[in-house]
Amino acid sequence: MEKETMINPSPHRPHVSSPNSTSKNMVKFFLFSAIGIFMFFIPVTMNEKSSIMLDHIVTAIQTAVPALVPYYALLVILMGAIYPFYTKTWNKDKVNTIFSIFKIIGLAVAVMIVFRFGPEWLFDPSMGPFLFEKLVISVGLLVPIGSVFLALLVGYGLLEFIGVLLQPVMKPIWKTPGRSAIDAVASFVGSYSIGLLITNRVFKEGKYSIKEAAIIATGFSTVSATFMIVVAKTLGLMEIWNTYFWTTLAITFIVTAITVRIWPLRSMSEDYYDGKEPPKESFSGSRLQAAWKEAMDTAEHSPALWKNISINLKDGLVMTMSILPSIMSVGLLGLVLAEFTPVFDWIGYIFYPFTALVQLPEPLLAAKASAVGIAEMFLPALLVAEAALVTKFVIGVVSVSAIIFFSALVPCILSTDIPISIPQLLAIWVERTILTILLASPIAFLLF
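FYI, full-length UniProt numbering numbers position 160 of the sequence shown as 160, with every residue one higher than the one before it.
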């Protein structure tokens with residue numbers, strides 16, 4: 001049986017540090033974490049616009065070289081379309097095959113948009129151009145640049161410090177072990193792909209049960225802060241970025257606390273991977289001291305700054321390559337279905353009683369926007385971009401808190417070893433969407 005006294009990704013670390021290395025570790029922890037916090041969370045007013053520095057940097061790049069940015073985005077989409085064939089993962093299973101084909105379609109659409117040829121409906125301002133100019137270009141710049149500063153935010157002990165402090169609340173509230181606090185925080189400030197990578201690794205090590213791994217994958221593996229900035233920009237919420245971010249974080253975790261207590265998560269198996277024995281998790285001594293020690297251990301063994309940034313930048317670019325072609329294909333498919341067919345109107349009727357109950361302005365539009373999120377998490381924001389502020393805020397929260405969407409997260413979850421099916425994922429999506437509408441609406445009315 002394994003006994004764990006704290007979250008420790010490297011259990012064989014030496015624990016003796018010289019005074020000089022301790023001081024160096026403290027500087028790394030405080031300085032780099034502070035820069036990361038400043039870049040992601042501190043609003044700054046520049047050119048009469050209040051936003052976080054990361055957003056200002058992206059805006060400055062778009063303003064400085066507007067003619068080059070579309071070609072950069074097209075190049076990333078091209079690399080993203082080729083990547084599954086280069087790595088020979090395109091035919092690993094049906095899901096990979098389908099999404100690899102969608103990426104090729106995404107490349108074809110992007111080429112038409114950039115070089116201005118193709119069907120007339122594609123060039124409607126609310127279709128191809130909106131998708132490419134408002135989403136693809138923003139994501140294409142935000143995620144790689146954001147990943148650079150993410151290296152500072154999560155690479156020098158802050159993540160582990162928070163993780164150890166959160167251990168006592170994880171089991172009673174979310175029914176997951178203390179170590180899952182790292183997954184939760186990694187997903188929210190990092191990305192669902194990082195979170196799922198951690199979750200799958202820990203699950204295969206026999207430290208999560210099937211039920212715990214499914215809770216973490218569907219309850220914490222949401223889009224990162226950098227993706228949330230794109231949603232907030234699309235909806236005109238950057239002036240209240242901190243309010244939007246922290247409200248979304250709180251509601252996402254509250255919704256997860258509820259969904260773990262209802263079907264299908266409640267009924268999932270509590271067995272462990274390959275029949276492994278469940279680990280024993282315990283804690284003794286001062287939690288604050290343990291959190292500090294874990295942060296210092298992480299700072300001690302962190303890679304050099306430039307190496308850390310290059311690793312994160314590479315991960316950010318690979319993720320951007322994966323996401324951009326999917327936005328252009330699955331995103332466009334979602335917009336076409338929303339514009340020209342009643343599919344999402346029909347699905348939206350699942351949510352209409354709830355958007356009407358909380359008295360959102362244009363409740364049918366809000367319900368339809370909530371429904372379209374299953375295709376791609378950015379699409380709800382596109383549908384309500386011109387709606388009332390209350391509706392925009394609620395849908396902005398829904399698009400993140402609902403978590404499950406087919407353009408990226410679903411294939412990521414299905415590619416792990418966690419045994420969870422598409423019908424179960426769809427059921428969790430419906431539950432999360434309804435709960436988020438009910439929780440976010442009163443807050444939106446209080447704020448606006």
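Backbone N, C-alpha and C define an ideal beta-carbon position, used for all residues, glycine too.
Within its chain, find whatever has a CB closer than 8 Å to the CB of residue i; leave out the 5 residues flanking it on each side and keep chain order.
{"i": "A366", "result": "F351, T355, L360, V384, A387, T391, V394, I395, I437"}
{"i": "N96", "result": "P84, T89, W90, P411, S415"}
{"i": "residue 455", "result": "There is no way to answer for residue 455, as the model of the chain reaches only from 1 to 448."}
{"i": "M228", "result": "Y244, F245, T248, V400"}
{"i": "A257", "result": "I173, W174"}
{"i": "P363", "result": "Y352, T355, A356"}
Tell me whether residue i sits in a helix, a strand or coil according to DSSP, three-state version.
{"i": "I77", "result": "helix"}
{"i": "P11", "result": "Residue placement at P11 cannot be trusted, given a pLDDT of 41 that sits under 50; what the coordinates show is reported in the next sentence. It is coil, neither helix nor strand."}
{"i": "V372", "result": "helix"}
{"i": "Q424", "result": "helix"}
{"i": "residue 449", "result": "Because residue 449 is not part of the residues shown, which for the chain are 1 to 448, the question remains open."}
{"i": "L357", "result": "helix"}
{"i": "D183", "result": "helix"}
{"i": "R116", "result": "coil"}
{"i": "D315", "result": "helix"}
{"i": "P411", "result": "helix"}
{"i": "L237", "result": "coil"}
{"i": "Y349", "result": "coil"}
{"i": "I434", "result": "helix"}
{"i": "P325", "result": "helix"}
{"i": "F32", "result": "helix"}
{"i": "L196", "result": "helix"}
{"i": "N20", "result": "helix"}
{"i": "E4", "result": "Residue placement at E4 is flagged as unreliable, the pLDDT there being 39, under the threshold of 50; a coordinate-derived value is accordingly withheld."}
{"i": "residue 464", "result": "Since the first and last residues shown for the chain are 1 and 448, residue 464 lies out of range."}
{"i": "S221", "result": "coil"}
{"i": "L68", "result": "coil"}
{"i": "W306", "result": "helix"}
{"i": "I443", "result": "helix"}
{"i": "S100", "result": "helix"}
{"i": "W90", "result": "coil"}
{"i": "I37", "result": "helix"}
{"i": "F448", "result": "coil"}
{"i": "P363", "result": "helix"}
{"i": "A85", "result": "As written in the sequence, residue 85 is Phe, which differs from the Ala given in the question. Helix, per DSSP."}
{"i": "I215", "result": "helix"}
{"i": "W429", "result": "helix"}
What residue range does the alpha helix (DSSP H) around residue i cover?
{"i": "V44", "result": "Premise fails: V44 lies in the beta strand (DSSP E), 43 to 46, not in any alpha helix (DSSP H)."}
{"i": "K233", "result": "225 to 234"}
{"i": "residue 460", "result": "It is not possible to answer for residue 460, since the shown part of the chain is limited to 1 through 448."}
{"i": "E339", "result": "332 to 340"}
{"i": "Y244", "result": "241 to 259"}
{"i": "A295", "result": "287 to 300"}
{"i": "A381", "result": "379 to 383"}
{"i": "P144", "result": "137 to 154"}
{"i": "E160", "result": "158 to 174"}
{"i": "V397", "result": "389 to 401"}
Strictly by DSSP, which residues pair up with residue i?
{"i": "F52", "result": "Just to set this straight, residue 52 is Ile in the shown sequence, not Phe. I52 pairs with P43."}
{"i": "S209", "result": "Y272"}
Below 6 Å CB to CB, which residues in the same chain sit around residue i once its five sequence neighbours on both sides are set aside?
{"i": "F32", "result": "L152, Y156"}
{"i": "S10", "result": "Low local confidence applies: a pLDDT of 43 at S10 is under 50, so the model's placement there is unreliable, and no value is given."}
{"i": "F161", "result": "A291, A295"}
{"i": "G128", "result": "I113, L122"}
{"i": "A440", "result": "I251, V394, V397"}
{"i": "S51", "result": "M238"}
{"i": "G348", "result": "A367, K368, A371"}
{"i": "A64", "result": "none"}
Closest Cβ-Cβ distance between residue i and chain B: below 9 Å?
{"i": "A213", "result": "Reference to chain B is not applicable here, since this structure consists of a single protein chain."}
Suppose the cutoff is 7 Å on Cβ atoms and the five residues either side in sequence are ignored; what does the same chain contact list for residue i look like?
{"i": "F405", "result": "G373, I374, A375, E376, M377"}
{"i": "residue 465", "result": "Nothing can be reported for residue 465, as the shown portion of the chain is limited to 1 through 448."}
{"i": "V330", "result": "F102, A375, E376, F406, S407"}
{"i": "A444", "result": "V390, F393, V394"}
{"i": "G140", "result": "Y72, A73, V76, T320, L324"}
{"i": "L166", "result": "A181"}
Just to check my reading of the structure: residue i and residue j have Cβ atoms closer than 8 Å, yes? What is that Cβ distance to the nearest angstrom?
{"i": "V223", "j": "V400", "result": "6 Å"}
{"i": "V260", "j": "R432", "result": "Going by Cβ atoms, the distance from V260 to R432 rounds to 11 Å, so no, they are not a contact pair."}
{"i": "I413", "j": "A217", "result": "5 Å"}
{"i": "A214", "j": "I77", "result": "Not a contact, Cβ separation roughly 32 Å."}
{"i": "T320", "j": "P144", "result": "6 Å"}
{"i": "W241", "j": "P43", "result": "6 Å"}
{"i": "I403", "j": "P264", "result": "That pair is no contact at about 14 Å."}
{"i": "residue 457", "j": "G334", "result": "For the chain, the structure presents residues 1 to 448; residue 457 sits outside this window and is missing."}
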